Amino acid sequence: MKLFLDTNIFVEFIEHRKQYEPVSRIIDAIIEEQHTACISTGSLYTLTYLFERGLKMQDIHKPELTQRIRHLLAEVLNMSTVVPLAHANAETAVYDESFTDIEDSFQYRCALENRCHVLITINDNDYNNADQSGIEILTPSAFVDKYINV
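Position one of the sequence shown corresponds to residue 11 (the numbering used here), numbered consecutively onward.
Next up, the structure:
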């Protein structure tokens, strides 16, 4: 199954937040090639920024900072494919009134454009008004319950 991972999935995993356990199980399933994972180009940029900010808060500076960021991004890229969002779909996302968070609208359009089966996000409420006829939108826990614990 082709999964689209929202940026917050990686944040949840790295920071061992509330949904760490189901996110970890999803990542294990991806690594074991039970599923494939996609992320948006925007997620890669956001993760780079978040990794840098987090490492700087730990008082880590260049050149070690750069090496650690590269290592973390390599881990992300090792388990997922970065997929594009066409200009026309980006425009659609900007004007999609079913979203109050435009970043989520970009993620949704990117997942649809790249024919992902499931979009996994911590913030499933942000997608309540989205048309889910072409894609399932699930939290990590819901995905694990439906597709891994079977």
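We treat Cβ as the ideally placed atom computed from N, Cα and C, and that holds for glycine.
Note that the coordinates shown come from a computational prediction; the quantities given were computed from them, not determined experimentally.
- Sixteen is the threshold: since fewer than 16 other Cβ atoms of the shown chains lie within 10 Å of the Cβ of A84, the residue is exposed.
- F153 sits close to V128, with the two beta carbons spaced by under 8 Å.
- A direct Cα-Cα distance of roughly 20 Å separates I19 from Q142.
- Restricted to the segment 118-153, the beta strand (DSSP E) segments that are unbroken, complete and at least 3 residues in length are 128-130 and 146-148, listed in chain order.
- Assigned with DSSP and collapsed to three states, T102 falls in helix.
- Buried is the label assigned to P150, since at least 16 other Cβ atoms lie within 10 Å of its Cβ.
- For the pair R27 and K12, the Cα-to-Cα distance works out to about 24 Å.
- Judged by their CB atoms, Y118 and A140 are nearer to each other than the 8 Å cut-off.
- Between Q29 and I132, the C-beta gap is smaller than 8 Å, which places the two residues in contact.
- The alpha-carbon separation between G52 and V160 amounts to approximately 33 Å.
- DSSP places K12 within a strand segment (E or B) once states are collapsed to three.
- Counting only residues of its own chain and dropping the five nearest sequence neighbours on each side, A103 has a CB closer than 6 Å to the CB of S115, F116 and R119.
- Considering only I41, E43 and I49, the residue with the shortest C-alpha distance to I130 is I49.
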